[in-house]
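Heads up, the sequence shown is in the numbering used here, so the first residue is 1470 and it goes up one at a time.
Think of the CB as a built atom: it goes at the ideal place given N, C-alpha and C, for glycine as much as any other residue.
I have placed the structure first, in the form of C-alpha coordinates, so that the comments after it can refer back to it.
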Amino acid sequence: MANSRSAQIPVVVLAGFLGSGKTTLLNHLLHRSGGSRIGAVVNDFGSIEIDAMAVAGALGDSTVSLGNGCLCCAVDASELDTYLARLAAPAAGIDVIVIEASGLAEPQELVRMVLASEQPEIMYGGLVEVVDAAEFHDTRTRHPEIDRHLALADLVVVNKLDRAPDADRVLGLVRELTEGAVLPATYGRIDPEFLFDCRPGEERVGQLSFDDLHSHDGHEGDGEPDTHAAHLHSAYDTLSFTSDTPLDPRALMRFLDGRPEGLYRIKGYVGFGAHDPANRYAVHAVGRFLRFLPEPWPPGADRLTQLVLIGTGIDADALGKELDACRGTADETDEQAMWGVLRYVPGSEDEPGTP
(Lines of atoms letter the chains of each structure in order from A and count residues from 1; the text may use other names and numbers.)
(Lines give C-alpha, C1' and ligand atoms only; values in the text may rest on other atoms or scores of the structure.)
Protein backbone atom coordinates (compact mmCIF):
# COMPACT_ATOMS: atom_id res chain seq x y z
CA MET A 1 0.00 0.00 0.00
CA ALA A 2 1.23 3.45 -0.77
CA ASN A 3 3.05 4.66 2.27
CA SER A 4 2.99 8.17 3.65
CA ARG A 5 5.24 9.15 6.47
CA SER A 6 2.27 8.90 8.84
CA ALA A 7 1.44 5.38 7.69
CA GLN A 8 3.03 2.16 8.87
CA ILE A 9 5.81 0.67 6.78
CA PRO A 10 5.13 -2.92 5.62
CA VAL A 11 7.79 -5.52 6.46
CA VAL A 12 7.90 -8.40 3.98
CA VAL A 13 9.74 -11.60 4.91
CA LEU A 14 11.52 -13.15 1.91
CA ALA A 15 12.44 -16.80 2.54
CA GLY A 16 13.55 -19.84 0.59
CA PHE A 17 16.27 -22.48 0.61
CA LEU A 18 19.81 -21.86 -0.59
CA GLY A 19 20.00 -21.21 -4.31
CA SER A 20 16.29 -20.59 -4.78
CA GLY A 21 16.89 -17.08 -6.11
CA LYS A 22 16.04 -14.83 -3.14
CA THR A 23 18.97 -12.50 -3.74
CA THR A 24 18.23 -12.21 -7.45
CA LEU A 25 14.61 -11.42 -6.64
CA LEU A 26 15.63 -8.80 -4.07
CA ASN A 27 18.03 -7.17 -6.50
CA HIS A 28 15.25 -7.10 -9.09
CA LEU A 29 12.95 -5.37 -6.61
CA LEU A 30 15.67 -2.85 -5.78
CA HIS A 31 16.24 -2.01 -9.43
CA ARG A 32 12.56 -1.93 -10.39
CA SER A 33 10.97 -0.38 -7.32
CA GLY A 34 9.07 2.28 -9.27
CA GLY A 35 10.54 5.03 -7.12
CA SER A 36 9.89 3.33 -3.78
CA ARG A 37 12.79 3.20 -1.36
CA ILE A 38 13.36 -0.31 -0.04
CA GLY A 39 15.06 -0.99 3.26
CA ALA A 40 16.73 -4.39 3.24
CA VAL A 41 17.63 -6.58 6.21
CA VAL A 42 20.00 -9.06 4.60
CA ASN A 43 21.09 -12.23 6.38
CA ASP A 44 23.33 -13.81 3.73
CA PHE A 45 25.12 -10.57 2.99
CA GLY A 46 28.00 -12.32 1.26
CA SER A 47 25.71 -13.60 -1.47
CA ILE A 48 24.58 -10.13 -2.55
CA GLU A 49 26.43 -8.88 -5.60
CA ILE A 50 29.06 -6.31 -4.61
CA ASP A 51 28.12 -3.62 -7.12
CA ALA A 52 24.45 -3.67 -6.10
CA MET A 53 25.33 -3.27 -2.43
CA ALA A 54 27.81 -0.52 -3.25
CA VAL A 55 24.90 1.39 -4.76
CA ALA A 56 22.78 0.62 -1.70
CA GLY A 57 25.53 2.11 0.42
CA ALA A 58 25.29 5.32 -1.58
CA LEU A 59 21.65 5.58 -0.62
CA GLY A 60 22.46 5.95 3.07
CA ASP A 61 21.22 3.75 5.90
CA SER A 62 18.86 1.65 3.79
CA THR A 63 20.56 -1.71 4.25
CA VAL A 64 21.29 -3.70 7.40
CA SER A 65 23.75 -6.58 7.14
CA LEU A 66 23.55 -9.32 9.74
CA GLY A 67 26.54 -11.21 8.38
CA ASN A 68 26.65 -14.97 8.08
CA GLY A 69 24.44 -17.27 10.09
CA CYS A 70 20.74 -17.73 10.54
CA LEU A 71 18.70 -14.65 11.35
CA CYS A 72 16.13 -16.51 13.42
CA CYS A 73 18.96 -17.95 15.56
CA ALA A 74 21.49 -15.10 15.49
CA VAL A 75 19.27 -12.36 16.89
CA ASP A 76 16.24 -12.16 19.14
CA ALA A 77 13.13 -10.10 18.60
CA SER A 78 14.50 -7.11 20.52
CA GLU A 79 17.67 -7.02 18.40
CA LEU A 80 15.66 -7.20 15.18
CA ASP A 81 13.57 -4.38 16.59
CA THR A 82 16.71 -2.25 16.70
CA TYR A 83 17.35 -2.80 13.01
CA LEU A 84 13.73 -2.18 12.12
CA ALA A 85 13.73 1.04 14.15
CA ARG A 86 16.76 2.25 12.20
CA LEU A 87 15.09 1.58 8.85
CA ALA A 88 11.69 2.90 9.94
CA ALA A 89 13.07 6.23 11.14
CA PRO A 90 11.42 9.07 9.18
CA ALA A 91 14.82 10.44 8.17
CA ALA A 92 15.55 7.23 6.25
CA GLY A 93 12.56 7.80 3.94
CA ILE A 94 11.90 4.06 3.61
CA ASP A 95 8.64 2.93 1.98
CA VAL A 96 8.91 -0.85 2.48
CA ILE A 97 11.29 -3.17 4.36
CA VAL A 98 12.27 -6.56 2.98
CA ILE A 99 13.95 -9.12 5.25
CA GLU A 100 15.94 -11.56 3.14
CA ALA A 101 16.39 -14.61 5.32
CA SER A 102 19.19 -17.13 5.34
CA GLY A 103 18.53 -20.21 3.24
CA LEU A 104 18.36 -22.19 6.48
CA ALA A 105 16.10 -19.85 8.42
CA GLU A 106 12.72 -20.91 9.81
CA PRO A 107 10.11 -18.63 8.20
CA GLN A 108 7.68 -19.19 11.06
CA GLU A 109 10.18 -17.78 13.56
CA LEU A 110 10.92 -14.75 11.39
CA VAL A 111 7.21 -13.99 11.12
CA ARG A 112 6.89 -14.28 14.90
CA MET A 113 9.79 -11.86 15.37
CA VAL A 114 8.25 -9.26 13.08
CA LEU A 115 4.84 -9.62 14.75
CA ALA A 116 6.53 -9.25 18.13
CA SER A 117 8.13 -5.96 17.11
CA GLU A 118 7.36 -3.03 19.38
CA GLN A 119 8.00 -0.50 16.62
CA PRO A 120 4.73 1.37 15.96
CA GLU A 121 6.07 2.57 12.60
CA ILE A 122 6.02 -0.89 11.01
CA MET A 123 3.49 -3.60 10.22
CA TYR A 124 3.93 -7.17 9.05
CA GLY A 125 3.48 -7.35 5.27
CA GLY A 126 3.41 -11.07 4.53
CA LEU A 127 5.65 -14.10 3.92
CA VAL A 128 7.04 -14.72 0.42
CA GLU A 129 8.67 -18.13 -0.16
CA VAL A 130 10.95 -18.56 -3.19
CA VAL A 131 11.24 -22.03 -4.74
CA ASP A 132 13.82 -23.29 -7.26
CA ALA A 133 11.67 -25.16 -9.78
CA ALA A 134 14.67 -26.91 -11.35
CA GLU A 135 15.78 -28.35 -7.98
CA PHE A 136 12.41 -28.64 -6.28
CA HIS A 137 12.25 -32.44 -6.08
CA ASP A 138 15.83 -32.73 -4.79
CA THR A 139 15.19 -29.92 -2.32
CA ARG A 140 12.16 -31.75 -0.90
CA THR A 141 14.32 -34.86 -0.47
CA ARG A 142 17.09 -32.95 1.34
CA HIS A 143 14.78 -30.59 3.23
CA PRO A 144 11.34 -32.15 3.78
CA GLU A 145 10.48 -29.15 5.95
CA ILE A 146 9.91 -27.19 2.74
CA ASP A 147 6.35 -28.57 2.73
CA ARG A 148 5.73 -26.85 6.06
CA HIS A 149 7.29 -23.62 4.80
CA LEU A 150 5.06 -23.64 1.73
CA ALA A 151 2.00 -24.19 3.92
CA LEU A 152 2.86 -21.00 5.83
CA ALA A 153 3.55 -18.79 2.81
CA ASP A 154 1.20 -16.06 1.66
CA LEU A 155 2.83 -15.94 -1.78
CA VAL A 156 5.08 -18.61 -3.34
CA VAL A 157 7.37 -17.52 -6.17
CA VAL A 158 8.25 -20.59 -8.25
CA ASN A 159 11.53 -19.39 -9.75
CA LYS A 160 13.77 -20.76 -12.54
CA LEU A 161 10.86 -22.30 -14.40
CA ASP A 162 12.84 -21.99 -17.63
CA ARG A 163 15.34 -24.52 -16.26
CA ALA A 164 12.80 -27.09 -15.02
CA PRO A 165 12.05 -29.93 -17.47
CA ASP A 166 8.76 -30.63 -15.65
CA ALA A 167 7.70 -27.07 -14.88
CA ASP A 168 3.95 -27.80 -15.01
CA ARG A 169 4.31 -30.71 -12.60
CA VAL A 170 6.28 -28.55 -10.15
CA LEU A 171 3.69 -25.78 -10.31
CA GLY A 172 0.89 -28.28 -9.72
CA LEU A 173 2.66 -29.82 -6.74
CA VAL A 174 3.44 -26.45 -5.16
CA ARG A 175 -0.21 -25.45 -5.52
CA GLU A 176 -1.19 -28.61 -3.64
CA LEU A 177 1.23 -27.79 -0.82
CA THR A 178 0.26 -24.16 -0.19
CA GLU A 179 -2.89 -22.21 0.45
CA GLY A 180 -1.10 -19.07 -0.69
CA ALA A 181 -0.95 -17.68 -4.20
CA VAL A 182 1.56 -19.29 -6.57
CA LEU A 183 3.49 -16.98 -8.91
CA PRO A 184 5.63 -18.43 -11.75
CA ALA A 185 8.90 -16.56 -12.42
CA THR A 186 12.26 -16.66 -14.17
CA TYR A 187 15.38 -14.82 -12.99
CA GLY A 188 13.41 -13.61 -9.95
CA ARG A 189 11.44 -11.16 -12.05
CA ILE A 190 8.13 -10.43 -10.37
CA ASP A 191 6.15 -7.24 -10.49
CA PRO A 192 7.00 -5.25 -7.34
CA GLU A 193 3.35 -4.20 -7.21
CA PHE A 194 2.59 -7.72 -5.97
CA LEU A 195 4.38 -6.88 -2.71
CA PHE A 196 4.07 -3.13 -2.26
CA ASP A 197 2.88 0.02 -3.98
CA CYS A 198 5.46 1.51 -6.33
CA ARG A 199 5.72 5.20 -5.56
CA PRO A 200 6.32 7.56 -8.47
CA GLY A 201 9.75 9.12 -8.41
CA GLU A 202 9.94 12.24 -6.29
CA GLU A 203 12.72 14.54 -5.17
CA ARG A 204 14.37 13.42 -1.95
CA VAL A 205 17.13 15.63 -0.68
CA GLY A 206 20.31 13.64 -0.20
CA GLN A 207 18.68 10.37 -1.18
CA LEU A 208 18.31 8.44 -4.40
CA SER A 209 16.37 5.35 -5.32
CA PHE A 210 17.85 2.42 -7.19
CA ASP A 211 15.84 3.57 -10.19
CA ASP A 212 17.79 6.84 -10.18
CA LEU A 213 21.12 5.03 -10.24
CA HIS A 214 20.30 2.00 -12.36
CA SER A 215 21.92 2.18 -15.80
CA HIS A 216 19.25 0.74 -18.06
CA ASP A 217 21.81 -1.11 -20.11
CA GLY A 218 19.71 -4.14 -20.92
CA HIS A 219 21.01 -6.33 -18.07
CA GLU A 220 19.78 -7.18 -14.64
CA GLY A 221 22.02 -7.79 -11.66
CA ASP A 222 22.35 -11.51 -12.31
CA GLY A 223 23.85 -10.97 -15.74
CA GLU A 224 20.79 -12.19 -17.61
CA PRO A 225 19.30 -10.13 -20.44
CA ASP A 226 16.60 -7.73 -19.30
CA THR A 227 14.34 -8.18 -22.31
CA HIS A 228 11.02 -7.40 -20.67
CA ALA A 229 11.68 -5.81 -17.28
CA ALA A 230 9.91 -2.62 -18.31
CA HIS A 231 6.82 -4.57 -19.36
CA LEU A 232 6.11 -6.73 -16.33
CA HIS A 233 2.47 -5.71 -16.30
CA SER A 234 1.95 -7.09 -19.80
CA ALA A 235 1.64 -10.65 -18.47
CA TYR A 236 -0.95 -9.78 -15.84
CA ASP A 237 -4.57 -8.70 -15.64
CA THR A 238 -5.63 -5.63 -13.66
CA LEU A 239 -9.09 -4.71 -12.44
CA SER A 240 -9.93 -1.27 -11.04
CA PHE A 241 -13.10 -0.98 -8.98
CA THR A 242 -14.70 2.24 -7.71
CA SER A 243 -17.93 2.64 -5.78
CA ASP A 244 -19.55 5.69 -4.23
CA THR A 245 -21.85 3.30 -2.36
CA PRO A 246 -20.40 1.84 0.87
CA LEU A 247 -19.63 -1.87 0.83
CA ASP A 248 -21.26 -4.55 2.94
CA PRO A 249 -18.46 -5.85 5.22
CA ARG A 250 -19.86 -9.38 5.35
CA ALA A 251 -20.17 -9.57 1.56
CA LEU A 252 -16.67 -8.18 1.06
CA MET A 253 -15.19 -10.77 3.42
CA ARG A 254 -16.96 -13.55 1.52
CA PHE A 255 -15.41 -12.18 -1.67
CA LEU A 256 -11.92 -12.00 -0.11
CA ASP A 257 -12.17 -15.45 1.45
CA GLY A 258 -13.06 -16.92 -1.94
CA ARG A 259 -10.61 -14.97 -4.10
CA PRO A 260 -9.19 -17.06 -6.96
CA GLU A 261 -5.73 -18.62 -7.06
CA GLY A 262 -4.33 -16.26 -9.70
CA LEU A 263 -5.30 -13.09 -7.82
CA TYR A 264 -1.94 -12.06 -6.34
CA ARG A 265 -2.54 -8.54 -5.11
CA ILE A 266 -5.35 -6.33 -3.81
CA LYS A 267 -4.80 -2.76 -2.69
CA GLY A 268 -6.83 0.38 -2.14
CA TYR A 269 -9.44 1.80 0.22
CA VAL A 270 -12.88 0.64 1.32
CA GLY A 271 -15.71 2.60 2.87
CA PHE A 272 -18.21 0.74 5.05
CA GLY A 273 -20.64 3.61 5.50
CA ALA A 274 -22.63 3.61 8.73
CA HIS A 275 -20.65 0.63 10.04
CA ASP A 276 -17.72 3.05 10.59
CA PRO A 277 -18.57 6.51 9.26
CA ALA A 278 -15.38 8.14 10.58
CA ASN A 279 -12.90 5.86 8.80
CA ARG A 280 -11.99 4.35 5.48
CA TYR A 281 -10.06 1.06 5.49
CA ALA A 282 -6.81 0.68 3.58
CA VAL A 283 -6.57 -2.85 2.12
CA HIS A 284 -3.27 -4.70 1.66
CA ALA A 285 -3.42 -8.26 0.32
CA VAL A 286 -0.46 -10.30 -0.96
CA GLY A 287 -1.45 -13.83 -1.90
CA ARG A 288 -3.52 -15.04 1.03
CA PHE A 289 -2.09 -12.41 3.41
CA LEU A 290 -4.65 -9.73 4.25
CA ARG A 291 -4.62 -6.58 6.36
CA PHE A 292 -7.11 -3.75 6.89
CA LEU A 293 -5.86 -0.44 8.30
CA PRO A 294 -8.53 2.05 9.42
CA GLU A 295 -7.71 5.72 8.92
CA PRO A 296 -9.79 8.91 9.05
CA TRP A 297 -11.39 10.05 5.82
CA PRO A 298 -9.38 12.97 4.38
CA PRO A 299 -11.27 16.22 4.96
CA GLY A 300 -13.38 17.14 1.96
CA ALA A 301 -12.54 13.92 0.05
CA ASP A 302 -15.21 11.98 -1.81
CA ARG A 303 -16.08 8.90 0.22
CA LEU A 304 -15.25 6.33 -2.42
CA THR A 305 -14.22 2.69 -2.32
CA GLN A 306 -11.28 2.36 -4.70
CA LEU A 307 -9.63 -1.03 -5.24
CA VAL A 308 -7.03 -2.39 -7.67
CA LEU A 309 -6.77 -6.16 -8.22
CA ILE A 310 -3.74 -7.67 -10.01
CA GLY A 311 -3.40 -11.27 -11.12
CA THR A 312 -3.03 -13.66 -14.00
CA GLY A 313 -5.68 -15.89 -15.53
CA ILE A 314 -8.38 -14.06 -13.59
CA ASP A 315 -11.82 -13.24 -14.98
CA ALA A 316 -11.85 -9.48 -14.46
CA ASP A 317 -15.48 -9.12 -15.55
CA ALA A 318 -16.65 -11.80 -13.12
CA LEU A 319 -14.62 -10.31 -10.25
CA GLY A 320 -16.05 -6.88 -11.03
CA LYS A 321 -19.57 -8.28 -10.80
CA GLU A 322 -18.73 -9.97 -7.48
CA LEU A 323 -17.50 -6.66 -6.11
CA ASP A 324 -20.61 -4.91 -7.44
CA ALA A 325 -22.63 -7.36 -5.39
CA CYS A 326 -20.77 -6.22 -2.25
CA ARG A 327 -22.32 -2.75 -2.39
CA GLY A 328 -24.04 -1.79 0.84
CA THR A 329 -26.90 -4.12 1.60
CA ALA A 330 -26.03 -5.03 5.19
CA ASP A 331 -28.34 -4.17 8.05
CA GLU A 332 -26.74 -1.09 9.58
CA THR A 333 -27.96 -2.18 13.00
CA ASP A 334 -25.97 -5.42 12.72
CA GLU A 335 -23.31 -4.83 15.38
CA GLN A 336 -21.36 -7.92 14.34
CA ALA A 337 -21.10 -7.05 10.64
CA MET A 338 -17.56 -5.68 10.99
CA TRP A 339 -16.13 -8.60 12.95
CA GLY A 340 -14.74 -10.31 9.85
CA VAL A 341 -12.92 -7.12 8.83
CA LEU A 342 -11.63 -6.36 12.33
CA ARG A 343 -9.97 -9.77 12.48
CA TYR A 344 -7.46 -8.39 9.99
CA VAL A 345 -6.79 -5.05 11.69
CA PRO A 346 -3.39 -5.08 13.50
CA GLY A 347 -3.83 -4.87 17.23
CA SER A 348 -7.45 -5.96 17.13
CA GLU A 349 -8.41 -8.59 19.69
CA ASP A 350 -9.91 -10.56 16.82
CA GLU A 351 -6.81 -10.40 14.65
CA PRO A 352 -5.67 -13.85 13.42
CA GLY A 353 -2.94 -15.42 15.51
CA THR A 354 0.65 -15.98 14.51
CA PRO A 355 1.21 -18.95 12.14
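Taking the straight line between their C-alpha atoms, what separation do you get for residue i and residue j?
i	j	result
Arg-1772	Phe-1710	14 Å
Pro-1815	Ala-1602	34 Å
Asp-1691	Val-1651	Because Asp-1691 carries a pLDDT of 44, less than 50, the predicted location of this residue cannot be relied on, and no value is offered for it.
Arg-1609	Leu-1573	14 Å
Asp-1666	Gly-1508	14 Å
Asp-1637	Glu-1575	27 Å
His-1606	Ser-1571	20 Å
Tyr-1593	Trp-1808	20 Å
Lys-1491	Leu-1498	11 Å
His-1618	Tyr-1733	19 Å
Gly-1797	Glu-1791	13 Å
Ala-1476	Pro-1559	11 Å
Leu-1788	Glu-1548	43 Å
Leu-1646	Leu-1721	27 Å
Ala-1654	Arg-1501	15 Å
Arg-1506	Asp-1726	31 Å
Tyr-1656	Thr-1493	7 Å
Pro-1613	Phe-1761	34 Å
Arg-1644	Gly-1562	37 Å
Phe-1741	Ala-1806	10 Å
Ala-1484	Gln-1577	10 Å
Ala-1770	Arg-1723	28 Å
Asp-1793	Arg-1812	23 Å
Asp-1786	Cys-1795	15 Å
Relative to the alpha-carbon of residue i, which residue among the options has its alpha-carbon at the smallest distance?
i	options	result
Val-1580	Ala-1806, Val-1482, Gly-1731	Val-1482
Thr-1781	Leu-1549, Phe-1663, Ala-1585	Phe-1663
Arg-1719	Glu-1575, Ile-1615, Ala-1787, Val-1739	Val-1739
Pro-1763	Leu-1553, Arg-1812, Arg-1749	Arg-1749
Thr-1551	Ser-1505, Gly-1595, Pro-1746, Val-1583	Val-1583
Leu-1716	Gln-1775, Ser-1571, Ile-1507	Gln-1775
Val-1480	Arg-1734, Asp-1564, Gly-1488, Ser-1505	Asp-1564
Ile-1659	Tyr-1705, Asp-1616, Val-1511	Tyr-1705
Val-1510	Leu-1495, Ser-1502, Gly-1504	Leu-1495
His-1744	His-1753, Gly-1508, Glu-1804, Gly-1490	Glu-1804
Val-1599	Arg-1611, Thr-1707, Val-1626	Val-1626
Glu-1648	Thr-1493, Asp-1616, Ile-1478	Asp-1616
Leu-1624	Pro-1559, Asp-1713, Ile-1478, Ile-1735	Ile-1735
Ser-1604	Leu-1498, Tyr-1813, Asn-1628	The identity of residue 1604 in the sequence shown is Glu, whereas the question assumes Ser. Glu-1604 has its Cα closest to that of Asn-1628, out of Leu-1498, Tyr-1813, Asn-1628.
Asp-1784	Arg-1760, Pro-1729, Ala-1806	Pro-1729
Val-1755	Ser-1489, Pro-1613, Gly-1737, Gly-1742	Gly-1737
Ala-1622	Leu-1759, Arg-1506, Gly-1595	Gly-1595
Trp-1766	Ala-1747, Ile-1779, Arg-1757, Arg-1760	Ala-1747
Val-1777	Leu-1708, Arg-1757, Glu-1614, Arg-1723	Leu-1708
Ile-1568	Val-1643, Val-1597, Arg-1632	Val-1597
Val-1810	Ala-1770, His-1753, Ile-1779, Gln-1577	His-1753
Ile-1478	Ser-1489, Ile-1566, Asp-1635, Arg-1555	Ile-1566
Phe-1758	Ala-1620, Ser-1489, Leu-1553	Ala-1620
Pro-1661	Leu-1642, Gly-1504, Gly-1641, Asp-1635	Gly-1504
Ala-1557	Ile-1591, Leu-1487, Phe-1486	Ile-1591
Phe-1486	Arg-1611, Thr-1714, Ser-1586	Arg-1611
Per DSSP, which residues does residue i bridge with? Please list them.
i	result
Arg-1719	DSSP output for Arg-1719 lists no bridge partner at all.
Val-1482	Ile-1568, Leu-1596
Arg-1734	Val-1755, Ile-1779
Pro-1634	None; Pro-1634 has no bridge partner.
Ile-1563	None; Ile-1563 has no bridge partner.
Ala-1650	Leu-1624
Arg-1796	Leu-1716
Kindly indicate which three-state DSSP category residue i falls into: helix, strand or coil?
i	result
Ala-1570	coil
Ser-1508	Looking at the sequence itself, residue 1508 is Gly, so the reference to Ser does not match. Of the three classes helix, strand and coil, the one that applies to Gly-1508 here is strand, per DSSP.
Asp-1660	coil
Tyr-1750	strand
Thr-1707	strand
Thr-1774	strand
Asp-1601	strand
Arg-1728	coil
Gly-1740	strand
Val-1814	coil
Glu-1764	strand
Arg-1501	coil
For the beta strand (DSSP E) that contains residue i, what are its first and last residues?
i	result
Ala-1620	Run containing Ala-1620: none in the beta strand (DSSP E); it sits in the alpha helix (DSSP H), 1615 to 1621.
Phe-1665	First-last for Phe-1665: undefined, no H or E at that position.
Leu-1487	Counting along the chain, Leu-1487 falls outside any beta strand (DSSP E), and DSSP gives it neither H nor E.
Along the alpha helix (DSSP H) that carries residue i, what are the first and last residues, could you check?
i	result
Pro-1576	1576 to 1584
Ala-1476	Premise fails: Ala-1476 is in no alpha helix (DSSP H) and is neither H nor E.
Asp-1793	1785 to 1793
For residue i, decide whether its Cβ has a neighbour in chain B, counting only Cβ atoms nearer than 8 Å.
i	result
Thr-1492	The chain labelled as chain B is not found in the depicted structure, where only one protein chain is given.
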